[in-house]
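Chemist: Have a look at this one.
There are 2 protein chains.
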Amino acid sequence: MIKESEEDMAVVLIGHGSKMAYNKELLDGLQRLMELRGVFKDVRVAFMQLNSPSIEEVLRELAKSGIKKIVAVPVFLADGTHTTEDIPETLKIAFEGEWAELGRDVELIYGKPIGVDERIVDILLDRVKAAEAGNGE
Amino acid sequence: MIKESEEDMAVVLIGHGSKMAYNKELLDGLQRLMELRGVFKDVRVAFMQLNSPSIEEVLRELAKSGIKKIVAVPVFLADGTHTTEDIPETLKIAFEGEWAELGRDVELIYGKPIGVDERIVDILLDRVKAAEAGNGE
């Protein structure tokens, strides 16, 4: 159940980033759909590498905008060095140094990746059926 | 709607593979859930790299078992060089050379990755709520 407080919360969808357009298209598409749910005050996309905006840029923009609570979720299927080391380290340093003041009153929460879920199985079953249909069956 | 013919079909869930356990745990978990759906004659996991079994191993095992139709789906969130180049190349060569005979009567269909989907947004919303709960809210 969505709580009132979440109306004052921003969500940052963190993508891997890629030289190809696909990962950014995925994150932008998910961001639009989540924004349409109208649950959070702000829904942003940020990339670990290669694409823009960076995690640091987005966290600092949100802090400047006055958001006091940010939940950052890695849009990854499973944990790995990116979600357990690289991204947490970037989140930790985003408000350090000259930015310490900016982040002092911001509650930053880091979520878990997608993981094993029946809804992923539902999607994979759809992809299997679409692949068959694509072969004229 | 599931068709009768799919009862004679095998699905191969293709994972990225990783030195860490998370990716294999994800694929194994999704494989178990899909197997429980009871839709396909066989549901296997195969890895592009680092984990076992390999894509070649699984395709050849299935062909030897007499399966005539295999749908291989990349368990990736979005397309990239892995899904558009690396995996298709491996699928193409799996039955070449000494294996040409084995694969001659096997219909091999390659599916699309997960992509933008409302069900992914549902999962991400759950992860956001779980992250908040984890912070005692």
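Protein sequences appear in the order of chains A and B.
Per our numbering, the first sequence starts with residue 114, numbered consecutively.
Per our numbering, the second sequence starts with residue 114, numbered consecutively.
Glycine included, every Cβ here is placed at the ideal spot set by N, Cα and C.
Can you tell me where the alpha helix (DSSP H) holding V171 of chain B begins and where it ends?
Modeler: Within the second sequence, numbered from 1, the residue matching residue 171 of chain B stands at position 58. First-last of the alpha helix (DSSP H) with V171 of chain B: I168 to K177.
Chemist: Would you say L175 of chain B lies against chain A (beta-carbon separation less than 9 Å)?
Modeler: Here residue 175 of chain B corresponds to residue number 62 of the second sequence, with the count starting at 1. Not an interface residue.
Chemist: Taking only three categories from DSSP, how would you classify A244 of chain B?
Modeler: To locate residue 244 of chain B, count along the second sequence from 1; it is residue 131. A244 of chain B: helix per DSSP, three-state reduction.
Chemist: Can you grab the Cα-Cα spacing for the pair E211 of chain B / R217 of chain B, in whole Å?
Modeler: As a position in the second sequence, residue 211 of chain B is number 98, starting the count at 1. As a position in the second sequence, residue 217 of chain B is number 104, starting the count at 1. C-alpha separation (whole angstroms): 11 Å.
Chemist: Measuring only between beta-carbons, confirm whether L190 of chain B sits less than 9 Å from chain A.
Modeler: Start at 1 with the first residue of the second sequence, and residue 190 of chain B comes out as number 77. Yes, contact with chain A.
Chemist: Determine the extent of the alpha helix (DSSP H) in which R145 of chain A is found, giving its start and end residues.
Modeler: Residue 145 of chain A sits at position 32 when you count from the first residue of the first sequence. Here the alpha helix (DSSP H) through R145 of chain A covers Y135 to L149.
Chemist: Mind listing the chain B neighbours of T203 of chain A? Cutoff is C-beta to C-beta under 9 Å, in chain order.
Modeler: On the first sequence, residue 203 of chain A is found 90 positions in, with the first residue counted as 1. Per Cβ cutoff of 9 Å: no residues; T203 of chain A is ~17 Å from chain B at best.
Chemist: Excluding five sequence neighbours on each side, which residues of the same chain lie with their C-beta closer than 6 Å to the C-beta of V124 of chain B?
Modeler: Reading the second sequence from its first residue, position 11 is the one you call residue 124 of chain B. So the qualifying residues of the chain are F153, V156 and V184.
Chemist: For a cutoff of 9 Å on Cβ pairs, would you count K225 of chain B as touching chain A?
Modeler: Taking the first residue of the second sequence as 1, we reach residue 225 of chain B at position 112. Yes - at least one Cβ of chain A is within 9 Å of the one on K225 of chain B.
Chemist: At 8 Å on the CB atoms, spell out the chain B contacts of I183 of chain A, in chain order.
Modeler: Mapped onto the first sequence, residue 183 of chain A falls at position 70. Those within 8 Å of I183 of chain A in chain B number zero; the least Cβ separation is about 10 Å.
Chemist: Which residues mark the beginning and the end of the alpha helix (DSSP H) in which I206 of chain B is found?
Modeler: Counted from its first residue, the second sequence places residue 206 of chain B at position 93. Where I206 of chain B is concerned, the enclosing alpha helix (DSSP H) stretches over I200 to I206.
Chemist: Skipping 5 residues on each side, what residues in its chain have a beta carbon closer than 6 Å to that of F160 of chain B?
Modeler: Taking the second sequence and counting its residues from 1, the one referred to as residue 160 of chain B is at position 47. Excluding residues within five positions, the ones whose Cβ falls inside 6 Å are G128 and G130.
Chemist: So is D230 of chain A in contact with chain B if we call contact Cβ pairs under 9 Å?
Modeler: Taking the first sequence and counting its residues from 1, one reaches residue 230 of chain A at position 117. Yes - at least one Cβ of chain B is within 9 Å of the one on D230 of chain A.
Chemist: Rounded to a whole number of angstroms, what is the C-alpha to C-alpha distance between K205 of chain B and E148 of chain B?
Modeler: Numbered from its first residue, the second sequence carries residue 205 of chain B at position 92. Numbered from its first residue, the second sequence carries residue 148 of chain B at position 35. Taking the straight line joining both Cα atoms gives about 26 Å.
Chemist: Would you say G210 of chain B reaches chain A, if we count a Cβ-Cβ gap shorter than 9 Å as a contact?
Modeler: As a position in the second sequence, residue 210 of chain B is number 97, starting the count at 1. With 9 Å as the cut-off, G210 of chain B does not count as an interface residue toward chain A.
Chemist: Could you work out which residues of chain A lie near A244 of chain B, taking near to mean beta carbons separated by less than 8 Å?
Modeler: Walking along the second sequence from the start, residue 244 of chain B turns up at place 131. Per Cβ cutoff of 8 Å: V184, V186, I222, Y223, G224 and K225.
Chemist: Provide the residue(s) that pair with A123 of chain B in DSSP beta bridges, ordered along the chain.
Modeler: Counted from its first residue, the second sequence places residue 123 of chain B at position 10. DSSP output for A123 of chain B lists B:D155 and B:I183 as bridge partner(s).
Chemist: Rounded to whole angstroms, what is the Cα-Cα separation between T194 of chain A and I180 of chain B?
Modeler: The residue labelled residue 194 of chain A in the question sits at position 81 within the first sequence. The residue labelled residue 180 of chain B in the question sits at position 67 within the second sequence. Computed Cα separation, rounded: 37 Å.
Chemist: Does any residue of chain B bring its CB to less than 9 Å from the CB of S165 of chain A?
Modeler: Taking the first sequence and counting its residues from 1, one reaches residue 165 of chain A at position 52. No, S165 of chain A does not count as interfacial toward chain B.
Chemist: So, helix, strand or coil for G210 of chain A, using DSSP?
Modeler: Reading the first sequence from its first residue, position 97 is the one you call residue 210 of chain A. DSSP places G210 of chain A in helix when its eight states are reduced to three.
Chemist: Taking one C-beta from the region 157-176 of chain B and one from the region 158-175 of chain A each time, how about it: are there three or more such pairs within less than 8 Å?
Modeler: Three or more Cβ pairs closer than 8 Å define a contact, and the region 157-176 of chain B falls short of that threshold against the region 158-175 of chain A.
Chemist: Does DSSP put H195 of chain B in a helix, a strand or coil?
Modeler: Position 82 of the second sequence, counted from the start, is the residue given in the question as residue 195 of chain B. It is helical.
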